[in-house]
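Here the structure is laid out as structure tokens; the discussion comes afterwards.
There are 8 protein chains.
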Amino acid sequence: MSGYEEMDFCKLDVDREERTGFPEVIFGLGKTPEQAEAIFGRIAEVHGRALVTRASAEMAERIQAAYPGAVYDPVSRLIRLDGEPKRLPGTVAVLTGGTSDIPVAEEAACTAEWMGCQVDRIYDVGVAGIHRLLAQMDRIRAASVVIAVAGMEGALASVAGGLVRRPVIAVPTSVGYGANLQGVTTMLAMLTSCASGVTVVNIDNGFGAAYQAAVILQLVAEASEK
Amino acid sequence: MSGYEEMDFCKLDVDREERTGFPEVIFGLGKTPEQAEAIFGRIAEVHGRALVTRASAEMAERIQAAYPGAVYDPVSRLIRLDGEPKRLPGTVAVLTGGTSDIPVAEEAACTAEWMGCQVDRIYDVGVAGIHRLLAQMDRIRAASVVIAVAGMEGALASVAGGLVRRPVIAVPTSVGYGANLQGVTTMLAMLTSCASGVTVVNIDNGFGAAYQAAVILQLVAEASEK
Amino acid sequence: MSGYEEMDFCKLDVDREERTGFPEVIFGLGKTPEQAEAIFGRIAEVHGRALVTRASAEMAERIQAAYPGAVYDPVSRLIRLDGEPKRLPGTVAVLTGGTSDIPVAEEAACTAEWMGCQVDRIYDVGVAGIHRLLAQMDRIRAASVVIAVAGMEGALASVAGGLVRRPVIAVPTSVGYGANLQGVTTMLAMLTSCASGVTVVNIDNGFGAAYQAAVILQLVAEASEK
Amino acid sequence: MSGYEEMDFCKLDVDREERTGFPEVIFGLGKTPEQAEAIFGRIAEVHGRALVTRASAEMAERIQAAYPGAVYDPVSRLIRLDGEPKRLPGTVAVLTGGTSDIPVAEEAACTAEWMGCQVDRIYDVGVAGIHRLLAQMDRIRAASVVIAVAGMEGALASVAGGLVRRPVIAVPTSVGYGANLQGVTTMLAMLTSCASGVTVVNIDNGFGAAYQAAVILQLVAEASEK
Amino acid sequence: MSGYEEMDFCKLDVDREERTGFPEVIFGLGKTPEQAEAIFGRIAEVHGRALVTRASAEMAERIQAAYPGAVYDPVSRLIRLDGEPKRLPGTVAVLTGGTSDIPVAEEAACTAEWMGCQVDRIYDVGVAGIHRLLAQMDRIRAASVVIAVAGMEGALASVAGGLVRRPVIAVPTSVGYGANLQGVTTMLAMLTSCASGVTVVNIDNGFGAAYQAAVILQLVAEASEK
Amino acid sequence: MSGYEEMDFCKLDVDREERTGFPEVIFGLGKTPEQAEAIFGRIAEVHGRALVTRASAEMAERIQAAYPGAVYDPVSRLIRLDGEPKRLPGTVAVLTGGTSDIPVAEEAACTAEWMGCQVDRIYDVGVAGIHRLLAQMDRIRAASVVIAVAGMEGALASVAGGLVRRPVIAVPTSVGYGANLQGVTTMLAMLTSCASGVTVVNIDNGFGAAYQAAVILQLVAEASEK
Amino acid sequence: MSGYEEMDFCKLDVDREERTGFPEVIFGLGKTPEQAEAIFGRIAEVHGRALVTRASAEMAERIQAAYPGAVYDPVSRLIRLDGEPKRLPGTVAVLTGGTSDIPVAEEAACTAEWMGCQVDRIYDVGVAGIHRLLAQMDRIRAASVVIAVAGMEGALASVAGGLVRRPVIAVPTSVGYGANLQGVTTMLAMLTSCASGVTVVNIDNGFGAAYQAAVILQLVAEASEK
Amino acid sequence: MSGYEEMDFCKLDVDREERTGFPEVIFGLGKTPEQAEAIFGRIAEVHGRALVTRASAEMAERIQAAYPGAVYDPVSRLIRLDGEPKRLPGTVAVLTGGTSDIPVAEEAACTAEWMGCQVDRIYDVGVAGIHRLLAQMDRIRAASVVIAVAGMEGALASVAGGLVRRPVIAVPTSVGYGANLQGVTTMLAMLTSCASGVTVVNIDNGFGAAYQAAVILQLVAEASEK
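Chains as they are written, first to last, in numbering that gives the first Met the number 0: chain Z, 0 to 225; chain R, 0 to 225; chain F, 0 to 225; chain E, 0 to 225; chain H, 0 to 225; chain W, 0 to 225; chain S, 0 to 225; chain P, 0 to 225.
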């Protein structure tokens, strides 16, 4: 536990990759394009790769001007500069309840890819038409980690949780209205799920779920290497 | 719109059966055994049948002493005096997610029976083991009205709602802890269900769901008679 | 329980009409006009009719360009392509507390019509001037199903629930301010109604109430046919 | 603005009657019987009358031992020592939705009587059987101030508010369960009532409503005297 | 209890003045300018005076074009057409905690004036500088009814409530941020006030407080006339 | 997806071990001792091991009478019958913020042991004395999965999350008062943690965290075997 | 930052006095009497003084048996063993709104005394009788730090905050009912106070307020010594 | 307690500096630029210095045109006219968890400077990289008062609170999303902190924390002078 780098307006955690296996990721929300660019540049320099979440188009434009290798995806709102991450074993299945959950699912899927995971996208398998989910059981069961992204009542997490022998991470989305309370109901419902061992991240936090998934696969990789 | 009967401490809605098809039902909570008995007696006299919900054992004892035909069920907490209700067509399927939801489900099932419905109890078919639910699809689809009783995240309502061509009435229960918020999460989740046309009643309100089911079947009966 | 159709970004539930009696309805919120049009087109092709709820003007313009028979109503925000739905028996009465509740009521009324119901609109009969409601009792009692649409304290549902022998479905609206909490108070008040057997749908969910009403009338129709 | 009296554990507001027209009333909750008795005694000495709200039986026993003229009513939980209050003009109508609201209504009615009002009790006129309320319209309209005591969705306040030309004070009660949220829903619903000019007091605060009613009639009395 | 007038989109409560003493007031929020104008016109015709609350500038422009006597005040957002209301006795004191509460206070003050009251505006007397309030005690005590308009913690209601012998009506405003929860905290705090007999209306509901004040003074007037 | 066993009051998911790697665990809350014993017996018969969570002393007594090998721990409230679970690789570190969090931590630790994990208990390392946590860094970093159990503001999860390269699962406890809101604040705080990739389970749900941990280590084991 | 002492079930922060000026205080809630006694004993040995908050009578009995110098006060629920604390300069004024707030106020007052402060208790000066507060202004203004303890709407904090040139620490209490929400309303109201620079602690947390007051006076003492 | 100055729309508390040590500060939110300028002018005239918080750019422009010495900082949204405040002893350390908290921290820092404090800004020391905080311990411990500004789960307050012997004032910020509930979670978490004696101000209320810090240092200054 040691070094960080003093920048003008922040303290860059350059030791983070050694400590946790992954470089610091830039949370774009609430940062100016200038701040994001400065941090992005320094991280790219040190680690050879960088990631911004919740990035605005303006932020992307500025960063891409300086770093032509950086790619911006307006759906997931990620700016990625892919280095050569260590390839992690297994796959991460990313499920969504509906089409409106796709932006959050893409934040998860692209983050996981940036971190070295192979991703299987299985979208629009919400429980109101349960046969759509059941028809995908083979793909879902083949995954090492399952990320269940859903809004409204979030029942996808419970149903998926009861079907697989792998860790299920639930991502509540703010898709819904009224009694949904901007995703708070979804989040609470997932936390009180009747399925054992489903864990939950913050509303719309596709990044967080992917991060945990990658950390799990990093554990698998390092355990296998021993 | 006309008559009611002035009792010592309340105004008895004796016209209710003519107006709505069913006599007034006594909500036991917050009434003294004396009050419950007095109303029970008068309703039994006028209508030949009576029902108390949320009844205490003490209340039951007192009423049964006076009305030996009255039956008390400690699970559903109902006191029933069955008259000869008009037999309603079709069946009401009452589903539960788990075994802890049974008291609320029994309140629904017994109320529906008292109102003249035939009931099919399909318990412990929660979504964490979805094959238990799917194995019962024939019975569920044979019902005229489906009452889905569940606690925790209440996903049963959404899954059932997507599978049947009949009205689904969801009853959230207060089974759960922490993020469940004494059933408030379950209730909100059911209201924001991704399934079309699921309607919801208050937490633990098995009576209300059964009442609506019976009213629907009364409509069917009266429509068929025409 | 079987087939669905894999589209580019979603899984279309083409079996739904056979399973539930009605084609899948498109929830417009959170979909791009392109997505809405694509699904609309495929549903129209398969079922000969289609419905979009919460549609934007832009979405309507695009769909109407491709499907001139589609009608857009900016008040209810529905895009309808009416096929030849099976005519359902009876009528659905749609009540509102005030004039501000009309958009939600129209979502209910037009959805019910699209599903084959005959609708009786009884608007502005809120309880602060109870004689307006009482003056309409004959029309309300003539209905097979009553949908009570109200904002603020939502008392209309309780008063209506006590007056009729038919199912009452309450739709809380987000009309109100302050203590109304964007309709959450209305919704909770309707759920804790003193009237027996009122069921409730999500805030502003006129569609959901109409769907349940049509499902009830479909039950009546199918029961009569037997 | 001047005097108060220093007691051992509190500061008695002996000027209050001159300032506001009524002596300080003792809120029993959270006080020991000893404290209640000490304050009661001093107030009785100064003003010739005293009132304790939310009194326990133990508190009553102790006070009655010392002040035989004090009367305890276990329903309203009031201990009253009636002096010779100034007789206030008009009447206060106290309405309840159901029988479970009676304890709170009695707190209101007895407080108003202690303060010099004439009270008309009109109980069990909840809106689920609206004809019971309408049948009492003459008595309700004859009142100078109307106190509407109701639990559950609290619709009584809105209906009453639309019918009379007099101030309506709504008292939400904690009668209900689930979505009722221990009366919070009732309270919020009354605050967002569609009736003009209904004012609201705290949950179960029959005392507060009666106090305001008496203050209004005191204003009438003093205005007439001029 | 009888007549109302069927308009195109609403049912006008023309009997209201006879029943309650005041014509129906138009709640502008959620109405189109066309709807507001149509109702305004009919009310003006029947009663010779009219009032719109929460009116937009566009609504005002349209109404003023048709009814040159109508006056619009952008601070209180009221459109008034003053007839010759019955002059009510006494005065209504309208207090505010700060300058940001003035719009709500003006809604109260102008409504009260339109209803026939004399108003004394006592602004910016919040409790963080208690001497400002104490310096106005003579004016406050001279009033027949006190309306206390305050945001933030709303302590003005409690302090005022303890000082006067007249009804105090508290109006919570949405002035504040963070823990204020858009005025919900203020409202709850006023409801749990330590002062006896303060009643409360909805957040920012200056109209409701004024309405109740006028109804009280109407009672005084009618009592004096007898 | 296939078989379950119909018991008198429930449907036993006997296929669960094959499907997920672990037998069904009995949630004791809301079950009668008779029900718990019956399920326990059947699971023990089929799988050779069983676990009850949230077990009462009475439940334990009854089960131990029938199954002398069953062990009851009143702190964690678990009844365990240990079979010969597959030994899982690595260790699970269970951290607590304070001594009051130990019952929840023990539920986690003992569940993990029952599922085949090796557990390292690191208790009372809350952040108000951060050096206690830092002094344990070697043990914490040696773990394969970290479970952080904490009440109050739950900061332990954020601090731990920033220090390790392994999955961190946070368990909010209901330890605290007032603003803690029975653990809801802790839970929300952990969900909005500034550390990347911390996932969260329900309040006091030590079982759920342990289950996910064991599932992760099962993945590691099965990946290594390949 | 260094040493702590490993006890059987916890890690004792023996360095705390050197680091912060005060020994660790034992939070009694959720600890067994045995645990409390063990920690008490070790702290008394190391520091010569000890304090337990939220102590039960049983806990006190056990500790007093072993440490006869320990004093238990059932009102404040503190067990104190007073060493010879450094006498801190100035005084701490502890105010309460009513008599029901006294237990929390005593927790504050006795804690401050144990930490070396001189305390001035000024009780029952709530704002509903503002002259009681104003009559004590000299004593309040003479204090170095003011602790304002109040329940209900908590207005005392705002009024006091506007009157003094010294730090005001507000302690919301859970005294109240209904809209008080067990003190949550009080707490939020104090946080959104219109007075500048009032800081707030948790509901009923008299200890926390006193701790901060003592830390402020320790700063004064150490600054004066320089 | 005496004088204030009647302005057109408010009552200026000109005595405030004498009473509390500091002139009244203008809360910009909800005031028009005209109102802000008028009050600013009068305060500047009386006290020779003035401060506006939550100022808009338009407000700043108008005030700077009239008072060229006034300085506007768009980050902290303060307009300052610095007079010659009494220099207060010691320093105030202002900490932030991340870069997004800087605007609130600057409101605190600049307010403290305007009030006469020396400020040490220690930004971006959030607990997810605890070594950044530990590396600054010497600076933090050198401060007389610590202001901890953080969003998300707000753990910085707890960690800092356990490390220093000086008053810690926590400022929750609205930085975060979802479960953060616009800073409400942060605020509640800080209030239920496991660290002793941390006090809390409203969300984003940097001003309030600085005000309390300055009042503490004023106490130190006045105590030292004696």
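All C-beta atoms, glycine included, are put in the ideal place defined by N, C-alpha and C.
Residue i classed as buried or exposed, judged by whether at least 16 other C-beta atoms fall within 10 angstroms
i: residue 36/P; result: buried
i: residue 0/P; result: Its pLDDT being 42, under 50, residue 0/P is placed unreliably by the model, and nothing is read from it.
i: residue 7/W; result: exposed
i: residue 85/S; result: exposed
i: residue 17/S; result: exposed
i: residue 166/W; result: buried
i: residue 152/W; result: buried
i: residue 30/F; result: buried
i: residue 43/R; result: buried
i: residue 64/W; result: exposed
i: residue 68/Z; result: exposed
i: residue 33/P; result: exposed
i: residue 47/P; result: exposed
Contact under 8 Å by Cβ, residue i with residue j
i: residue 123/F; j: residue 92/F; result: no
i: residue 27/S; j: residue 52/S; result: yes
i: residue 147/P; j: residue 94/P; result: yes
i: residue 125/H; j: residue 149/H; result: yes
i: residue 20/S; j: residue 217/S; result: yes
i: residue 71/E; j: residue 54/E; result: yes
i: residue 222/E; j: residue 223/H; result: yes
i: residue 190/H; j: residue 201/E; result: yes
i: residue 129/P; j: residue 139/W; result: no
Inter-residue CB distance, residue i and residue j (contact presumed, cutoff 8 Å)
i: residue 131/W; j: residue 214/Z; result: Contact flag wrong, Cβ pair sits at about 25 Å.
i: residue 187/E; j: residue 178/F; result: 5 Å
Endpoints, beta strand (DSSP E) assigned at residue i
i: residue 72/R; result: 70-72
i: residue 174/R; result: Here residue 174/R belongs to no beta strand (DSSP E), and DSSP marks it neither H nor E.
At least three beta-carbon pairs within less than 8 Å, the segment 71-84 of chain P to the segment 105-122 of chain P: yes
At least three beta-carbon pairs within less than 8 Å, the segment 123-135 of chain S to the segment 167-176 of chain S: no
The segment 11-24 of chain Z in contact with the segment 145-160 of chain P per 3-pair CB rule at 8 Å: no
Cβ contact check for the segment 189-197 of chain S and the segment 197-209 of chain P: 3 or more pairs under 8 Å: yes
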